[in-house]
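Asks: Got a structure for you, written out below as structure tokens; questions coming shortly.
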Amino acid sequence: MLKGYIFYRFVRTTFISSFLLSLILFTLQFTRLGTILLGLPLEDLLGFLLVWSVFYTYFFLPDGIVIATGFLINSFKERKLLHVFYSFRVSERKLLYFFFIPFLSIYLLLIGFSQTLLEEKVAFVRKNLVYKFQESFFKEIPPKTFINLGGVVIHAEGRTGNKLRNIFFKFGEITILAKGLEYKGNGLFEFTRGTVITEEEKIFVIQFEKYLLNVRQFEKKGLREKRLRESKFINIANTLITPFLFLGVFYICLRKCNKITHLYVLVSAFILFHQIIVFILKILL
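Residue numbering for the sequence shown follows the numbering used here, starting at 205 and increasing by one per position.
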């Protein structure tokens, strides 16, 4: 009975907490991605949300385990059930065993998907969605408005059909002033009658009648092997640290946490510790 109750509460709290943490992260990222996401077809939007929520729910599973362990033990303490358990010969070691069974189930999921659910794949999906949004947006650039999208800054005085008039265009170290601009698709812009200004070691000014610029010619559209290896390493590190987080929260909460404020501090400290380790590893890779 107790074993089943702990299993249900532990697994439920872990996944709900992990999902809520992924939702908080998405809310923070929405300030950057909101315009793009809201401009996508519903099918693409739902696909991205699915990929995002699945990966980051997986990524936050160690933190979900920390929350589930701490809050479940605290609920036993608040209802003074630990002494009841001990009186029925449910020792600390046996209680750990009851917690270990659901922990192991989730831990096996962490191991099983560590080489499949990768952050680089989420970044790849996000980048392709940005490309799709750019394709539709560049074809309908509004005149008399400064637009900054994907590293491209554009301002046009007017529009006639698919062509823009009196253009200011900047991409990286290239600035273009032109009479006309037409977007050909797939990142290719065709300028007519204008000036190219490049800023490298020196400033070069070149006049032209027609000029083609592909803003994607230097971008890698495929999955990056180096980033894939880094994502796999982060997942492995995430998996290896999880048992220590689980055991640490279990014993500290069981023996030291006597108030709900102690629990909040403990859980927050362990989550922060986990995220700092992941952040440091990402910097070092």
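Glycine is no exception: its CB is placed at the ideal position from the N, C-alpha and C atoms.
#1: On the CB-based measure, 16 or more other CB atoms within 10 Å of its CB, does Pro306 come out buried or exposed?
#2: Under 7 Å between the Cβ atoms of Leu470 and Glu434?
#3: Going by C-alpha distance, which of Leu485, Ile475, Ile487 is nearest Ser221?
#4: With a 10 Å radius around its C-beta and 16 neighbouring C-beta atoms as the bar for buried, classify Thr217 as buried or exposed.
#5: State the DSSP-derived secondary structure class of Arg363, mapped to helix, strand or coil.
#6: Take Val482 as the anchor and find which of His466, Tyr468, Ile438 has the nearest alpha-carbon.
#7: Tell me the residue span of the alpha helix (DSSP H) that contains Val255.
#8: When DSSP builds the beta bridges, which residues end up paired with Ile401?
#9: Which complete alpha helix (DSSP H) runs does the stretch 269–293 hold, if anything under 4 residues is left out?
#10: For Thr446, which residues from the same chain have a beta carbon less than 7 Å from its beta carbon, with the 5 sequence-adjacent residues on both sides left out?
#11: Excluding the 5 residues flanking Ala382 on each side, which residues of the same chain have their C-beta closer than 6 Å to its C-beta?
#12: Is Cys208 helix, strand or coil by DSSP?
#13: Would you give the residue range spanned by the beta strand (DSSP E) that Asn352 belongs to?
#14: Within a Cβ cutoff of 7 Å, which residues of the same chain sit near Leu432, ignoring the five residues on either side of it in sequence?
#15: From the DSSP output, in three-state form, read off Leu333 for me.
#16: Give me whichever residues DSSP pairs with Lys374 in a beta bridge.
#17: Taking its Cβ as the centre, do 16 or more other Cβ atoms sit within 10 Å of Ser318, making it buried, or is it exposed?
#18: In chain order, what residues of the same chain lie with their CB nearer than 6 Å to the CB of Ser257, ignoring the 5 residues before and after it?
#19: Assuming Ile277 contacts Leu458 (C-beta within less than 8 Å), just tell me the rounded distance between them.
#20: Looking at the structure shown, is Thr396 part of a helix, part of a strand, or coil, going by DSSP?
#21: Thinking C-alpha only, which one of Glu361, Val255, Asn442 is nearest Phe264?
#22: Beta-carbon separation of Val419 and Val357 under 7 Å?
#23: Using DSSP bridges, identify the partner residues of Leu385.
#24: Closest to Thr349 by C-alpha separation, out of Tyr335, Lys331, Leu368, would be which residue?
#25: Starting from the Cα of Glu282, find the closest Cα among Ile484, Ile464, Phe477 and give me that residue.
#26: In three-state DSSP terms, what is Lys486?
#27: What is the DSSP secondary structure of Leu308, reduced to helix, strand or coil?
Replies: Well, looking at it:
#1: Burial state of Pro306 is buried, judged by a 10 Å Cβ sphere holding 16 or more other Cβ atoms.
#2: No, Cβ-Cβ distance for Leu470 and Glu434 is not below 7 Å.
#3: Comparing Cα-Cα distances from Ser221 to each of Leu485, Ile475, Ile487, the minimum goes to Ile475.
#4: When all chains shown are included, Thr217 counts as buried.
#5: Here Arg363 sits in strand by DSSP.
#6: When the alpha-carbon of Val482 is set against those of His466, Tyr468, Ile438, the nearest one is in Ile438.
#7: Counting along the chain, the alpha helix (DSSP H) containing Val255 begins and ends at 246–263.
#8: In the DSSP assignment, the residues bridged to Ile401 are Thr379, Val409.
#9: Taking only runs of at least 4 residues, the alpha helix (DSSP H) segments lying wholly in the stretch 269–293 are 286–291.
#10: Only Pro266, Ile269, Tyr311, Leu314 meet the Cβ criterion.
#11: Take Ala382, set aside five residues on each side of it, and the residues of its chain with a beta-carbon closer than 6 Å to its own are Ile371, Phe395, Gly398, in chain order.
#12: The amino acid at residue 208 is misidentified as Cys; the sequence shows Gly. Helix.
#13: Counting along the chain, the beta strand (DSSP E) containing Asn352 begins and ends at 351–353.
#14: For Leu432, same chain residues with a beta-carbon under 7 Å away, outside a window of 5 residues either side, are Leu322, Glu324 in chain order.
#15: In the structure shown, Leu333 adopts helical secondary structure according to DSSP, grouped into three states.
#16: Per DSSP, Val357, Thr379.
#17: Buried: at least 16 other Cβ atoms inside 10 Å.
#18: So the qualifying residues of the chain are Ser226.
#19: Indeed they touch by this definition, with Cβ atoms about 6 Å apart.
#20: Here Thr396 sits in strand by DSSP.
#21: Distance from the Cα of Phe264 is smallest, within the candidate group Glu361, Val255, Asn442, for Asn442.
#22: Taking 7 Å as the Cβ cut-off, Val419 and Val357 do not qualify as a contacting pair.
#23: The partner list for Leu385 (beta bridge, DSSP) reads Leu368, Phe395.
#24: Of the listed residues, the one whose Cα sits closest to Thr349 is Leu368.
#25: Residue nearest to Glu282 within the set Ile484, Ile464, Phe477 is Ile464 (criterion: CA-CA distance).
#26: Reduced to three states, the DSSP call for Lys486 is helix.
#27: Correct three-state label for Leu308: helix.
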